[in-house]
Amino acid sequence: MENILNINDNEKRVLREIYNHHNISRTQISKNLEINKATISSILNKLKYKSLVNEVGEGDSTKSGGRKPILLKVNHLYGYFISLDLTYSSVEVMYNYFDGNVIKHESYDLPDEKVSSILSIIKKHIDIQEKLDTYNGLLGVSVSIHGVVDNEQHVTYLPFHETEGISIAKKIKEITNVPVVVENEANLSALYERNFNHNLSYNNLIALSIHKGIGAGLIINNQLYRGANGEAGEIGKTLVSKVSDNVEIFHKIEDIFSQEALLHNLSNQLNEKMTLSKLIQFYNEKNPVVVEEMEQFINKIAVLIHNLNTQFNPNAIYINCPLFNEMPEILEAIKNQFKQYSRNEIQIKLTSNVKFATLLGGTLAIIQKVLQINDIYLDIKS
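Next up, the structure:
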């Protein structure tokens, strides 16, 4: 992989320390890396010369007195990154400084399901010459898809868009002329939960994404687990059987358990187009059909979480679902139902950022690709 920042291994190690410990002193870096202060000072001088880090003032002196340490941080103005989320109906675009903090977010509706339309939006609305007040402008692009990406960055499954034989990674790299990483949206959500805002207590976690489909991003022993072909976590494709008129029929879990399936079932039963806002309204009004469907939905998700817990035994499962975000009280009902199936204690939580978890996970992925560092943790303001 091309080293576009032109930094050596020791410089990467020091830069990683500054990313992971905001406002850190050279003495602390020396202790953390077990490298002598003179070598650390030499490396920091090179990083400062390249505008990768800045001095940001003085820290507290020790109890014995002496000079106050100079603190360092990542220079957010070195450049910026773009994260794209290709949803079912829109292209979500986030711009982030070099330190991961958000510059802005934009959203563009898709006119159809064609990948060529996505590329047209990118060409029209993203000015790769724009530096956004940074020294080096655009450094890299991440792309989140609701599908499968193999280990060679080829999209092998994209159920909600027409690929038209187009390589998404190749075309976006041609448009932007910077490094590009393409990844499944649930995997990026898992990276967000693991690596943002110093959530370091969980070495094993699952980000459960429940939208039009169902996917799971798996962090196992601190590493994102993708499987041999990038298909790990495609739990929505898992088959379950239902017997109808003495005939056993197999269905994908996401055709029964997803938020989209819930809305579809209610639309059929109530004979009207059901939206998320209508569902919430009818539920609060205690519509008997909606209440019953919601109870079944809660039970299905509790069963799904039980099965994931049995298979992977994570420390925590984070749920990313628009319905849960609007009705967080559902989570308690799921926890209570989960206890009926499992004796194991597990943290079941809502994602802390249902709107931007995927985009911020993409920011982390492209930062790590450009820096060639795999264990960066970000602590952002927004």
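Residues 1 to 382, numbered by full-length UniProt numbering, are exactly what the sequence shown covers, in order. Just so you know, even glycine gets a beta-carbon here, dropped at the ideal spot from N, CA and C.
Whole-number beta carbon distance between residue j and residue i, since they are thought to touch under 8 angstroms
i: L266; j: V289; result: 7 angstroms
i: L71; j: V141; result: No, L71 and V141 are not in contact; Cβ-Cβ is about 31 angstroms, not under 8 angstroms.
i: N146; j: E185; result: Note on identity: in this sequence residue 146 is His, with Asn being the wrong assignment. About 5 angstroms separates the two Cβ atoms, so the contact holds.
i: I319; j: T351; result: 7 angstroms
i: L139; j: G57; result: About 26 angstroms separates the two Cβ atoms, so there is no contact after all.
i: residue 383; j: Y283; result: Outside the modelled stretch of the chain, which goes from 1 to 382, sits residue 383, for which no answer is possible.
i: K114; j: E162; result: 5 angstroms
i: I40; j: E11; result: 11 angstroms between Cβ atoms; not a contact.
i: G230; j: D150; result: 4 angstroms
i: L52; j: N23; result: The Cβ separation is near 16 angstroms, so there is no contact.
Extent of the continuous beta strand (DSSP E) run through residue i
i: H125; result: Per DSSP, H125 belongs to no beta strand (DSSP E); it is in the alpha helix (DSSP H), 115-125.
Alpha carbon of residue i to alpha carbon of residue j, nearest angstrom
i: D245; j: I210; result: 30 angstroms
i: Q153; j: V181; result: 7 angstroms
i: L323; j: N299; result: 15 angstroms
i: R254; j: I175; result: Looking at the sequence provided, one finds Glu at residue 254 rather than Arg. Those two C-alpha atoms are separated by around 34 angstroms.
i: S382; j: R13; result: Here S382 scores only 45 on pLDDT, less than 50, and its place in the model is too uncertain to base an answer on.
i: N54; j: N177; result: 27 angstroms
i: N20; j: N195; result: 10 angstroms
i: V148; j: H264; result: 24 angstroms
i: V240; j: Y49; result: 59 angstroms
i: N3; j: N136; result: 15 angstroms
i: I206; j: Q368; result: 21 angstroms
i: E329; j: F297; result: 14 angstroms
i: S189; j: G217; result: 7 angstroms
i: Y95; j: N101; result: 9 angstroms
i: K31; j: K349; result: 36 angstroms
The alpha helix (DSSP H) enclosing residue i, as first and last residue numbers
i: F324; result: 322-326
i: F338; result: 329-338
Under the three-state DSSP convention, the category residue i falls into
i: I346; result: coil
i: Y19; result: helix
i: I4; result: coil
i: K104; result: strand
i: Q372; result: coil
i: S382; result: Because the pLDDT at S382 is just 45, under 50, the model does not fix this residue reliably, and the point stays unresolved.
i: K41; result: A small fix is needed here, since residue 41 is Ser in this sequence, not Lys. Looking at S41 - three-state DSSP - the assignment turns out to be helix.
i: G233; result: coil
i: L72; result: strand
i: F98; result: coil
Whole runs of the alpha helix (DSSP H) within the segment 246-301, excluding any shorter than 4 residues: 254-257, 259-270, 276-284
Complete runs of the alpha helix (DSSP H) confined to the segment 169-212 [at least 4 residues]: Entirely contained in the segment 169-212, the alpha helix (DSSP H) runs reaching 4 residues are, in chain order, 185-195.
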